[in-house]
Structure formats: C-alpha cells, structure tokens
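Adding 135 to a residue's 1-based position in the sequence shown gives its number in this note's numbering.
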Amino acid sequence: MTKRTPLIVGAILGIGLFFLLLATILSIPDIKNEGKPTAILIITPLAATSVPVSEEGNGELAPRQTETALPGVFAVDMRVTVANTGGDGLKVHSEPDIESDTLTIASDGSVWIIIEGPTIKEGRVWWKMWSESSGLTGWAVQDYLTAVY
136 MTKRTPLIVG
146 AILGIGLFFL
156 LLATILSIPD
166 IKNEGKPTAI
176 LIITPLAATS
186 VPVSEEGNGE
196 LAPRQTETAL
206 PGVFAVDMRV
216 TVANTGGDGL
226 KVHSEPDIES
236 DTLTIASDGS
246 VWIIIEGPTI
256 KEGRVWWKMW
266 SESSGLTGWA
276 VQDYLTAVY
C-alpha cells in the first residue's frame with residue numbers, strides 16, 4: 136500500500152458523493168406553480184336513502200325507505216325536528232340571513248322538511264324548510280335541527 140492509496144480512495148469517495156448529491160438535486164420535482172394546487176376535491180355529503188323496486192316485478196317503486204343518515208348531515212327531502220333551543224324556539228326567516236324578517240318561531244319538537252340548501256352566510260349553515268302542519272316555508276340555521284329517522 137502506497138502513501139497515495141488513502142488519497143485515491145478519498146477522491147473516489149468524494150466524486151461518488153458529488154454525483155449522488157447531483158442526482159438527488161436533479162430528481163427533486165420542479166416547483167414553479169407558486170404553491171397553487173393542481174387539483175381540487177369537493178365532497179358533498181348526501182343523505183343515505185334508497186328507493187327499492189317492488190318485488191312483485193310490476194315496475195313500480197316500493198315505498199321509500201330512509202336508512203340511517205350521518206348525525207349533523209342534512210339534505211333536501213329530509214325530515215328534521217327543532218331541538219335544543221332551551222324552550223326559546225328556532226326563528227324561521229324569510230331569507231338565509233339573521234337580519235331578515237322572522238316569519239315564525241318554531242317550537243322544540245316541531246317537524247319540518249328540508250326543501251332547499253344548504254346556504255352558508257356569515258359562518259352559519261342555513262336550510263330552507265317547509266312545515267307540513269302549517270304550510271309555512273322559511274330559512275333556519277342548522278344548529279338547532281336534528282334529523283328524524
């Protein structure tokens with residue numbers, strides 16, 4: 136072994152390390168999109184419902200069955216009840232806006248059917264509802280609604 140052997144081994148290792156570093160740098164993806172997303176995923180929750188066909192084979196639909204929906208997830212055609220207002224009731228508005236006219240105050244336990252929405256305004260989620268018993272239609276905040284199963 137000569138005095139140059141460690142120098143040659145060091146040079147070979149240094150050159151190898153240089154090429155390894157160069158290959159690593161060149162394999163990094165080019166990030167020139169300024170952090171802009173390349174894809175957007177939008178998830179819209181739907182109520183879990185099904186409409187089975189009649190077993191008699193006459194082409195008619197069997198009565199609609201509603202499966203268990205996720206708590207806090209509402210959809211058009213769902214039945215909801217007013218709950219947890221502390222007896223104060225839920226204001227039903229003419230528009231999805233806290234400053235709009237109050238059409239009525241729905242009492243705890245009253246049943247409504249969602250007919251439109253959701254609309255999000257000022258951090259509140261609004262649903263347009265219809266009362267089967269009174270025929271009244273209006274907008275209410277979902278915080279005091281519970282799905283009826």
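Glycine residues also receive a C-beta, built at the ideal position from the N, C-alpha and C atoms.
Query, Result
"Among GLY244, SER245, SER229, nearest to LEU238 - alpha-carbon criterion", "SER229"
"Inside the stretch 212-238 only - beta strand (DSSP E) runs reaching at least 3 residues", "214-217, 225-228"
"Beta-carbon proximity check, GLY250 vs TRP265, cutoff 9 Å", "The sequence as given places Ile at residue 250; Gly does not occur at that position. Yes, Cβ-Cβ distance for ILE250 and TRP265 is below 9 Å."
"Backbone CA spacing between ILE147 and PHE153 [nearest angstrom]", "10 Å"
"Selection from PRO141, ASP212, VAL276, ILE248 that minimises the alpha carbon distance to ASN219", "VAL276"
"Own chain, CB closer than 6 Å to TRP324, minus 5 neighbours either side, in chain order", "The first residue shown for the chain is 136 and the last is 284, placing residue 324 beyond what the model contains."
"Coil, strand or helix - ALA282 by DSSP", "strand"
"Start-to-end residues for the alpha helix (DSSP H) that takes in ILE160", "140-162"
"C-beta atoms of GLY224 and SER235 nearer than 9 Å", "no"
"First and last residue of the uninterrupted beta strand (DSSP E) at THR254", "246-256"
"Euclidean distance between Cα positions of ILE233 and ILE160", "56 Å"
"For VAL276, the residue or residues it bridges with in DSSP", "TRP261"
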